[in-house]
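2 protein chains.
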Amino acid sequence: MNATYKDVKSDILSKITSGHWQPGSLIPNEIELAETYGCARATVNRAMRELADDGLIERRRKAGTRVRASPIRQARFDIPLVRREIEDKGAEYRYSLASRSIETAPDWLRTRLQLGQGADALHLVCMHYADGDPFQHEDRWINLEVLPQARDADFSQVGPNEWLVSTIPFSTAEISFSATLADRALAEYLACDTGAPLFTVERATWFEGDANTFVRLTYRPGHRMTTRY
Amino acid sequence: MNATYKDVKSDILSKITSGHWQPGSLIPNEIELAETYGCARATVNRAMRELADDGLIERRRKAGTRVRASPIRQARFDIPLVRREIEDKGAEYRYSLASRSIETAPDWLRTRLQLGQGADALHLVCMHYADGDPFQHEDRWINLEVLPQARDADFSQVGPNEWLVSTIPFSTAEISFSATLADRALAEYLACDTGAPLFTVERATWFEGDANTFVRLTYRPGHRMTTRY
DNA sequence: ATTCCGTTTATGTCTAGACTATATATAGGG
DNA sequence: CCCTATATATAGTCTAGACATAAACGGAAT
């Protein structure tokens with residue numbers, strides 16, 4: 001009686017994980033459950049909606065709710081600013097700008113960001129250090145057609161990442177992870193051997209349909225990205 | 001008038017992304033918004049709750065709701081079964097078991113999974129192919145204390161991943177991504193050069209407090225894991 | 001000044017009831 | 001036998017109102 005939506009949620013969850021309700025099976029409808037738990041239907045609804053969001057059950061009008069045959073396994077990563085990532089470890093953060101230039105966007109970038117021919121882009125290469133040791137190498141391109149104010153921004157003290165977050169805080173992104181080999185330049189930046197395997201993140205971001213930036217972040221050897229689910 | 005929670009959500013969202021409500025600023029309380037949109041407070045509440053879940057706003061009792069100074073950027077990955085990953089590309093999936101043995105769990109594994117001394121583990125090495133080409137190498141350890149039935153399972157036709165999903169469908173996991181170098185054995189399995197950089201996923205899973213499996217998945221060179229957010 | 005405590009305020013949750021939307025089942029017509 | 005209306009079951013959402021809970025605030029006692 002008087003169950004909260006959390007009670008209902010965890011009870012249903014335990015019925016599922018314990019195997020009491022088998023994968024693929026239909027579970028009682030909201031009205032029945034509301035009677036069982038002695039609460040309003042809205043309460044059951046919220047519990048079930050959250051379980052559906054978590055990928056454990058599947059709900060369809062009229063057809064009812066069933067336990068997913070194979071639960072969707074999904075991992076959620078927080079993508080922090082490098083500065084935070086480093087400071088959260090208790091290390092001291094340092095930033096340095098290695099190079100800055102305005103270039104005609106190369107073909108691969110124009111394809112990636114759907115830019116017109118001959119579009120100008122600001123090309124930045126930066127390093128992020130943790131307690132003085134190389135932590136992350138940043139190779140960034142900024143679309144000057146969409147962000148002309150980047151031309152006058154000073155990236156010598158503040159990284160482009162932080163500048164972008166404060167300039168266009170809300171954007172959509174495509175992110176991809178891979179492994180790459182340290183070439184001579186990267187090896188020098190990251191103080192590692194040429195040929196070392198490096199964890200790499202590439203991210204392209206859009207705001208209101210326009211691509212504004214593409215970045216390749218390369219981490220020092222041994223870096224791991226971890227999460228629980 | 002008569003706004004749905006989606007209307008409210010998207011209107012608030014646009015006020016935020018357009019900069020009408022600046023990062024860090026306080027936004028009107030639920031009662032005021034309900035009046036503004038001509039709907040019940042519960043409707044505004046749901047809209048705001050979802051925006052908070054999405055990491056765009058921060059809510060605190062009594063203090064009110066404010067636009068996050070720097071929005072939490074989070075990526076969500078679906079972790080598919082390899083078979084699905086391959087079949088979804090339209091490629092033909094093939095599985096093969098390379099080796100199977102029961103061993104005393106090595107120290108690193110005992111630490112990783114919090115196993116007792118001298119615990120037995122089933123060690124499997126498998127390969128997953130897409131259209132005949134090596135796609136993923138799987139190096140898996142299964143805790144036989146928790147899953148004794150794995151001793152008698154036949155992994156020659158069905159991969160351990162699929163067996164585990166049907167045996168213990170609901171579990172918590174710790175997952176981590178990194179880049180590793182192809183040693184001679186891996187290079188042979190994946191038909192690539194020794195020294196190639198390989199994208200690696202490690203996953204440990206628990207069920208009701210007990211660790212049941214640890215796996216290292218190594219992808220063929222050039223593999224990317226991509227998502228949008 | 002500092003600590004403690006009650007007040008106030010905004011969010012968090014629950015309820016009972018209503019209406020809506022959608023997928024399924026069924027019956028009737030060609 | 002197939003197609004098409006119609007009925008029906010179930011989830012999805014909204015409402016008005018109530019009470020719960022956390023946290024900020026202000027004043028009182030130290």
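So the protein lines, in turn, are chains A and B. If you're matching positions, the first sequence starts at 1 in the UniProt record's numbering and goes up one per residue. If you're matching positions, the second sequence starts at 1 in the UniProt record's numbering and goes up one per residue. Backbone N, C-alpha and C define an ideal beta-carbon position, used for all residues, glycine too. Just so we're clear, the structure is a prediction, and the values are computed from it rather than from any experiment.
Identity of the residue in the options nearest residue i by Cα
i	options	result
P106(A)	A119(A), R49(A), I79(A), T200(A)	A119(A)
R83(B)	G159(B), T200(B), A63(B)	G159(B)
E50(A)	Y93(A), I79(A), K9(A), W21(A)	K9(A)
K62(A)	C39(A), E30(A), A98(A), T111(A)	E30(A)
M225(B)	I27(B), F177(B), L186(B), P197(B)	F177(B)
P169(B)	N212(A), H20(A), R59(A)	H20(A)
R66(A)	A91(A), E35(A), I16(A)	I16(A)
L147(A)	H223(A), M48(A), F214(A)	F214(A)
V125(B)	T218(B), L26(B), R228(B)	T218(B)
E85(A)	A34(A), E58(A), A130(A)	A130(A)
I57(B)	A34(B), S14(B), G90(B), E87(B)	S14(B)
Q157(A)	S99(A), L144(A), L115(A), R60(A)	S99(A)
V70(A)	G24(A), A34(A), V44(A)	Per the sequence shown, residue 70(A) should be read as Ser rather than Val. The candidate whose alpha carbon is nearest that of S70(A) is G24(A).
G55(A)	R203(A), G38(A), E174(A), R76(A)	R76(A)
E174(A)	E32(B), R228(B), N2(B)	R228(B)
T205(A)	C192(A), T167(A), M48(A)	T167(A)
E103(A)	R151(A), I79(A), E87(A)	R151(A)
E202(B)	H137(B), C192(B), L33(B)	H137(B)
Cα-Cα separation, residue i to residue j
i	j	result
D210(A)	A52(A)	33 angstroms
D11(A)	Q74(B)	29 angstroms
Y189(A)	Q149(A)	28 angstroms
I72(B)	Q22(B)	15 angstroms
L97(A)	H128(B)	43 angstroms
S101(A)	D139(A)	12 angstroms
R110(A)	N212(A)	11 angstroms
D133(A)	P221(A)	12 angstroms
L164(B)	P28(A)	27 angstroms
F207(B)	L113(B)	12 angstroms
Y5(A)	F135(A)	44 angstroms
E92(A)	L81(A)	14 angstroms
I142(B)	R68(A)	24 angstroms
T36(A)	A40(B)	28 angstroms
L26(B)	G38(B)	21 angstroms
N161(A)	D154(A)	12 angstroms
F199(B)	Y95(A)	27 angstroms
R59(B)	N45(B)	11 angstroms
A34(A)	D7(A)	12 angstroms
Q117(B)	R216(B)	22 angstroms
Within-8 angstroms CB hit, residue i to chain B
i	result
P148(A)	no
I86(A)	no
S25(A)	no
A173(A)	yes
T36(A)	no
L181(A)	yes
T17(A)	yes
G195(A)	yes
I72(A)	yes
V165(A)	yes
W228(A)	According to the sequence provided, residue 228(A) is Arg. The question's Trp does not apply to it. Answer yes: the Cβ-Cβ gap between R228(A) and chain B drops below 8 angstroms somewhere.
F170(A)	yes
Start and end residues, alpha helix (DSSP H) containing residue i
i	result
R168(A)	This sequence places Ile at residue 168(A); Arg is not what is there. Segment: none, I168(A) is in no alpha helix (DSSP H) and carries neither H nor E.
V44(B)	41–53
E30(B)	30–37
S10(B)	5–17
E188(B)	184–190
L109(B)	107–113
R83(B)	82–88
Any chain A beta carbon closer than 8 angstroms to residue i
i	result
Q117(B)	no
A75(B)	yes
D78(B)	yes
M225(B)	yes
L113(B)	no
F214(B)	no
L198(B)	yes
Cβ-Cβ separation, residue j to residue i (assumed contact under 8 angstroms), whole Å
i	j	result
D183(B)	T172(B)	Rounded, the Cβ-Cβ distance is 31 angstroms, inconsistent with contact.
A121(B)	L144(B)	6 angstroms
P197(A)	L181(A)	7 angstroms
Residue range of the unbroken beta strand (DSSP E) whose run includes residue i
i	result
I57(B)	57–60
W141(B)	133–143
W21(A)	Careful: W21(A) lies outside any beta strand (DSSP E) and carries neither H nor E.
I79(A)	74–79
V158(B)	Neither: V158(B) is in no beta strand (DSSP E) and is coded neither H nor E.
E103(A)	93–104
Residue i Cβ short of 7 angstroms to the ligand NAD heavy atom set
i	result
A187(B)	Looking at this structure, you won't find the ligand NAD or any other ligand, since it has none at all.
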